[in-house]
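Please read the structure below before turning to the comments.
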Amino acid sequence: MTAHGTDEAAPAATTGAKPVTATRHLLAWVAGIGVLSVLPWLAVNDYHRFLLDLILINVILAVGLNIVKGFAGQVTVGHIALMAIGAYTSAILATKFGFPFWLALPSAVLVTALAGAIVGIPSFRLEGAYLALATLGLAESVRIFISANDYLGASIGITDIPPPSLFGLRLDTHLSYYYVVMPLALAGVYFSFCILRSNTGRAFKALREDPLAAAAAGINVQKYKTLAFVLSAVYAGCAGSLAAHMTPGFIHPNSYMLAEMVTLLLMVILGGIGHIWGGIIGAIVVTIVYDLTRDYYNYQMLVFGMVIVLTVMYMPTGIGGIIDRYIVTRRFVALRKAKGDAA
Amino acid sequence: MTIGTGAGLRAAVSIALLGAGLAAQPAAAQDKTIRVGITLRMLVESGIAYGDIAKTVMESVNAKGGINGAKVEVILLDDECKPDKGVANVNRFIHQNKVHLILGSTCSSVTMPIADITAKEQVPQIVPMSTNTSITQKGSEWIFRVSVSERFYAGAYGKYLGENVGKKIAYLYTTDGAGIAFVKQLQDYMKEHYKAEPVYQVQMQETDLDFRSHLLKIKSTNPEILAIAGQSDALARQAQQSFEVGIPKRVWRVAASSAGNVTYPKLAGEAAVGTTFTQAFNCADERPIAKQFVAMVKEKYKFSCPDHDFSQAWDAAQIALVALGKANLKLTDAALADDRRAIRDAIATIRYEGLAGGPIEFCAAPTPQCRDGNRTAMLVQYTKGGENFETKVVGRVSFDKDFGLGK
Chain W
1 MTAHGTDEAA PAATTGAKPV TATRHLLAWV AGIGVLSVLP WLAVNDYHRF
51 LLDLILINVI LAVGLNIVKG FAGQVTVGHI ALMAIGAYTS AILATKFGFP
101 FWLALPSAVL VTALAGAIVG IPSFRLEGAY LALATLGLAE SVRIFISAND
151 YLGASIGITD IPPPSLFGLR LDTHLSYYYV VMPLALAGVY FSFCILRSNT
201 GRAFKALRED PLAAAAAGIN VQKYKTLAFV LSAVYAGCAG SLAAHMTPGF
251 IHPNSYMLAE MVTLLLMVIL GGIGHIWGGI IGAIVVTIVY DLTRDYYNYQ
301 MLVFGMVIVL TVMYMPTGIG GIIDRYIVTR RFVALRKAKG DAA
Chain U
1001 MTIGTGAGLR AAVSIALLGA GLAAQPAAAQ DKTIRVGITL RMLVESGIAY
1051 GDIAKTVMES VNAKGGINGA KVEVILLDDE CKPDKGVANV NRFIHQNKVH
1101 LILGSTCSSV TMPIADITAK EQVPQIVPMS TNTSITQKGS EWIFRVSVSE
1151 RFYAGAYGKY LGENVGKKIA YLYTTDGAGI AFVKQLQDYM KEHYKAEPVY
1201 QVQMQETDLD FRSHLLKIKS TNPEILAIAG QSDALARQAQ QSFEVGIPKR
1251 VWRVAASSAG NVTYPKLAGE AAVGTTFTQA FNCADERPIA KQFVAMVKEK
1301 YKFSCPDHDF SQAWDAAQIA LVALGKANLK LTDAALADDR RAIRDAIATI
1351 RYEGLAGGPI EFCAAPTPQC RDGNRTAMLV QYTKGGENFE TKVVGRVSFD
1401 KDFGLGK
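Residue numbers (this note's numbering), protein chains in the order written: chain W, 1 to 343; chain U, 1001 to 1407.
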């Protein structure tokens, strides 16, 4: 258990549970892929498929934010600007230079990764609220720059961003687009697992707990802070590009404002900051709750604000933390029972 | 590691359950009901009133037995002037609510992407408030605009100013879509008709509070006209500060149509006096229908002088009702596509006279000539600012269908 929530290694260590086999891991992933593959066919109508696309894009975005905020403990509120950079790069490349989606997407990811490195620079010297303010400033600068730049569509936005095509087939329905977004979301989630389990992930956690102690232990703080921002930006760039190319292919600076950042933060906080499933759970819950409360537009933002406050006050580890606590308790009880039986 | 996988499996199940939950949401009712989706910006008091007017007008027919016996059901959603929200709303209207007709939106930046969706999904869309010229230029057979296009507004300004006031214009505007369009089109008009270049122009941010440094520079250029644009609160600051820096009253203040929003004269106070702007409707209109409407808005929504977004919401809803009455609707699941087509064809035949300054008339071709139905712009001027502001109509110009479309 950590100050920021739970992670995989800690409860396993406390309970002394054996690591699962690679086969069980593989089976879990195969099952996940199987469920996700048929999910859009279970949806009653195209609106639900649209929501599934949206959920998966938000999963990519939230998992990315969880890397920098949850794993590495950097307080950033500029993530939405990275998404905007990804979206606009992809849109410009596709509409003005004729790049196909399959080339525009990786290009957007690269540009956003570079932007992520720049956004990460203030984190060398700033922490906490100061870093939040700096990243907020950067985020607003990006939005304002877009709004004032005719080449980027200014306040009119960019229209007619083409959907991806595969062997001449336009993937412009919500169903077909799902099969573009879903593999990328799965890859993103898998990659975040890999990061957390790697030396890099351990360095991130050390940074999160105490940067001074991490530095004393030989961790290059600047390098890993920058890396956290860059990795997080890769996700944001990918999500931005996917959002831009989704039918009807339109982007506008109003979609990258502070309210969107707050919603994104809510996904990570509600899901569980630093919890490996936090971003995923949060993205799913928030996107669905947002949709279900759409009819109550007068109170929607009030409800969302209250959920953030109440979550931070009474459920600081989020839904992911509750799940972990439940599992740890169950294991502990089982272990005691087993010891009792043996005695 | 074990724990991670356990949580993973649970999360996978949760995804499936939530998916099932989504799938279990009730589908739209199918019993002789005409379903209409309305998406507007309803963040502010007046915005909520626009939505309520449109919804109330449409549902009022239910008390009289509906339209040809069918009940009208309105689903009203807020898009916050954000394209992604508008797109989500319209996707929900079309695929989940199975609406027959869509009204929306307030902001051009929302109307443009949803116009692409309605064109693709073949659902008729009435645009109540958006003014961006390009909305009807995409060639969609499914779109009809009730609001006045920027091309007509720019013409009304340009013609009146060029012939009656002068050609030395300084521009101060913010990064607001409608404001930028207003400035660009006015500049194009002045350039094309009078070879007049701006004496000064600057674009600032929507959130900027202090415009005085630029206004001082504008003062030094000695313009005949000061064109200001932005959302109504930014406009109010621009107008107030223009007097603070000493730009004389004889310099005409012309503003984008957002000056017609009730918050502008309230915030600007006496600085609003003399500001000239274009509108599709004016609350000082003496016609009985207009007087009745103003009295209704005053009583129900407490706005003493409703702006043209009130009237456009009302006109759009009335036009929708006329079309729904004219279309021979079958109102079955299987006939949804046919019904949508019938409504589109019915709107295309409408010639309507309501609160707008002139008739609103559509035709079948998917061109701006046919789909920019309202071609009458009114030039309105504030004669008193503050809470109890007053206005007068300076001029009213009706345009030819082809006006502003180039050769």
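Glycine included, each C-beta is placed from N, C-alpha and C at the ideal position.
*For G278/W, which option in N58/W, A187/W, G157/W, F50/W has the closest C-alpha, if you only look at C-alpha atoms?*
On the first sequence, residue 278/W is found 278 positions in, with the first residue counted as 1. With distances taken between Cα atoms, G278/W lies closest to N58/W.
*S1304/U beta carbon less than 8 Å from that of F1277/U*: Start at 1 with the first residue of the second sequence, and residue 1277/U comes out as number 277. Start at 1 with the first residue of the second sequence, and residue 1304/U comes out as number 304. Contact flag unset, no.
*Reduced DSSP category for R1237/U - H, G, I as helix; E, B as strand; rest coil*: The count along the second sequence starts at 1 and reaches residue 1237/U at position 237. Looking at R1237/U - three-state DSSP - the assignment turns out to be helix.
_Buried or exposed for E1163/U, going by 16 or more other Cβ atoms inside 10 Å?_
Indexing the second sequence from 1 puts residue 1163/U at position 163. Exposed, because fewer than 16 other Cβ atoms sit within 10 Å of the Cβ of E1163/U.
*For M1129/U, decide whether its Cβ has a neighbour in chain W, counting only Cβ atoms nearer than 8 Å.*
Residue numbering aside, residue 1129/U sits at position 129 when the second sequence is read from its first letter. Not an interface residue.
*When you compare only the Cα positions, how much space is there between A1365/U and D1372/U?*
Here residue 1365/U is taken as the residue at index 365 of the second sequence, counted from 1. Here residue 1372/U is taken as the residue at index 372 of the second sequence, counted from 1. The alpha-carbon atoms of A1365/U and D1372/U are separated by roughly 11 Å.
*Flag H252/W as yes if its beta-carbon sits less than 8 Å from any beta-carbon of chain U, otherwise no.*
The sequence position of residue 252/W within the first sequence is 252, counting from 1. Yes, because at least one Cβ of chain U sits closer than 8 Å to the Cβ of H252/W.
*Applying a beta-carbon distance threshold of less than 9 Å, which residues of chain W neighbour P1306/U?*
Against the second sequence, residue 1306/U aligns to sequence position 306. Correct list: empty, because the minimum Cβ distance to chain W is about 21 Å.
*asked:* Suppose only complete runs of 4+ residues qualify. What are the alpha helix (DSSP H) ranges in the stretch 1185 to 1268 of chain U, listed by chain order?
replied: 1212 to 1220, 1232 to 1244, 1263 to 1268
_Heavy atom of the ligand NAP within 7 Å of E1163/U beta-carbon_ = Absence of the ligand NAP is noted for the structure shown, with no ligands found whatsoever.
*Same chain, Cβ closer than 6 Å to Q1203/U, neighbours up to 5 away in sequence not counted*: Walking along the second sequence from the start, residue 1203/U turns up at place 203. The answer, listed in chain order, is Y1173.
*What does T159/W touch in chain U if you count any residue whose Cβ is under 9 Å from its own?*
What you label residue 159/W is simply residue 159 of the first sequence in a count that begins at 1. M1112, P1113, D1116, S1134, K1138, listed in chain order.
*asked:* Please identify the residue among G1177/U, K1120/U, Q1238/U, A1327/U whose C-alpha is closest to the C-alpha of Y972/U.
replied: Here chain U covers residues 1001 to 1407 and nothing more, so residue 972/U does not appear.
_Whole-angstrom distance between S1149/U and Q1025/U, CA atom to CA atom_ = Numbered from 1 along the second sequence, position 25 holds the residue referred to as residue 1025/U. Numbered from 1 along the second sequence, position 149 holds the residue referred to as residue 1149/U. With a pLDDT of 47 at Q1025/U, under the threshold of 50, the modelled position of that residue is not reliable, and the figure given next carries that caveat. Between Q1025/U and S1149/U, the C-alpha separation is close to 39 Å.
*Out of D1345/U, Q1369/U, A1313/U, point me to the one whose CA is closest to L1324/U's CA.*
Position 324 of the second sequence holds residue 1324/U. Looking at the Cα atoms, D1345/U is the closest of the given residues.
*In terms of residues, what are the limits of the alpha helix (DSSP H) holding L54/W?*
One-based indexing of the first sequence puts residue 54/W at position 54. Taken as a continuous stretch (DSSP letters only), the alpha helix (DSSP H) holding L54/W covers 46 to 65.
*asked:* Given this structure, state the Cα-to-Cα distance separating P1113/U from A213/W, to the nearest angstrom.
replied: For this step, residue 1113/U is matched to residue 113 along the second sequence. For this step, residue 213/W is matched to residue 213 along the first sequence. Answer to the nearest angstrom: the Cα atoms are 51 Å apart.
*Using the DSSP secondary-structure output, state which residues sit across from R170/W in a beta bridge.*
The residue given as residue 170/W occupies position 170 in the first sequence. R170/W pairs with S165/W.
*Check whether the Cβ atoms of I251/W and Y151/W sit closer than 8 Å, and answer yes or no.*
Working through the first sequence from its first residue, we reach residue 251/W at position 251. Working through the first sequence from its first residue, we reach residue 151/W at position 151. No, these two residues do not count as a Cβ contact at 8 Å.
_Let me see if you follow: with CB-CB separation under 8 Å, is Q1030/U close to chain W or not?_
Residue 1030/U sits at position 30 when you count from the first residue of the second sequence. For Q1030/U, the predicted model reports a pLDDT of 49, less than 50, meaning its position is unreliable; a value from the coordinates is still stated below. Chain W, which has no Cβ nearer than 8 Å to the Cβ of Q1030/U, makes this no.
*With burial defined as no fewer than 16 other Cβ atoms inside 10 Å of the residue's Cβ, what is the status of E1387/U: buried or exposed?*
Within the second sequence, residue 1387/U is the residue found at index 387, counting from 1. Counting Cβ neighbours within 10 Å, E1387/U comes out exposed, since fewer than 16 surround it.
_Using a Cβ-Cβ cutoff of less than 7 Å, which residues in the same chain neighbour E1059/U once the five nearest sequence positions on both sides are dropped?_
The count along the second sequence starts at 1 and reaches residue 1059/U at position 59. Correct list, in chain order: V1072, V1074.
*Would DSSP call G1354/U helix, strand or coil?*
Along the second sequence, read from residue 1 onward, the residue named residue 1354/U stands at position 354. Note: G1354/U maps to coil in three-state DSSP.
*Would you identify the three-state DSSP class for Y296/W, choosing helix, strand or coil?*
Counted from its first residue, the first sequence places residue 296/W at position 296. DSSP places Y296/W in helix when its eight states are reduced to three.
*Give every residue of the same chain whose Cβ lies closer than 7 Å to the Cβ of T1175/U, excluding the five residues on either side of it in the sequence, and list them in chain order.*
On the second sequence, position 175 is the one that residue 1175/U refers to. For T1175/U, where only same-chain residues beyond five positions count, the Cβ hits under 7 Å are Q1203, Q1205, E1206.
*What is the residue span of the alpha helix (DSSP H) that T89/W lies within?*
What you label residue 89/W is simply residue 89 of the first sequence in a count that begins at 1. Counting along the chain, the alpha helix (DSSP H) containing T89/W begins and ends at 79 to 96.
*Taking Cβ positions, are A187/W and F71/W nearer each other than 8 Å?*
Translated into positions along the first sequence, residue 187/W becomes position 187. Translated into positions along the first sequence, residue 71/W becomes position 71. Cβ atoms of A187/W and F71/W: not closer than 8 Å.
*If we count the other Cβ atoms within 10 Å of its Cβ and call it buried at 16 or more, is C194/W buried or exposed?*
As a first step, residue 194/W is located in the first sequence; it is residue number 194 there, counting from the start. Exposed: under 16 other Cβ atoms inside 10 Å.
*Spatial neighbours of N220/W in its chain, beta-carbon cut-off 6 Å, leaving aside the 5 residues before and after*: Position 220 of the first sequence, counted from the first residue, corresponds to residue 220/W. Excluding positions up to five away in sequence, the list is empty.
*May I ask you to report which of helix, strand or coil DSSP gives F1182/U?*
Here residue 1182/U corresponds to residue number 182 of the second sequence, with the count starting at 1. DSSP places F1182/U in helix when its eight states are reduced to three.
*Note down, in chain order, every chain U residue with its Cβ under 9 Å from the Cβ of I156/W.*
One-based indexing of the first sequence puts residue 156/W at position 156. What I156/W touches in chain U: S1108, S1109, M1112, N1132, S1134, G1177, I1180, A1181.
*Using beta-carbon positions only, say whether P183/W and A94/W come within less than 8 Å of one another.*
On the first sequence, residue 183/W is found 183 positions in, with the first residue counted as 1. On the first sequence, residue 94/W is found 94 positions in, with the first residue counted as 1. Their beta carbons are not under 8 Å apart, which means P183/W does not touch A94/W by this criterion.
*Short check: CB of R1041/U to CB of H1100/U, under 8 Å?*
For the purposes of this step, residue 1041/U is taken as residue 41 along the second sequence, with counting starting at 1. For the purposes of this step, residue 1100/U is taken as residue 100 along the second sequence, with counting starting at 1. Taking 8 Å as the Cβ cut-off, R1041/U and H1100/U do not qualify as a contacting pair.
*Could you tell me whether the stretch 1112 to 1129 of chain U touches the stretch 1304 to 1319 of chain U, where touching means 3 or more Cβ pairs closer than 8 Å?*
yes
_DSSP has Y1160/U in a bridge; who is on the other side?_
Locating residue 1160/U in the second sequence gives position 160, counting from the first residue. Paired residue(s): none; Y1160/U is not in a bridge.
_In the DSSP assignment, the alpha helix (DSSP H) including A1049/U goes from what residue to what residue?_
Indexing the second sequence from 1 puts residue 1049/U at position 49. Per DSSP, A1049/U belongs to the alpha helix (DSSP H) from 1045 to 1059.
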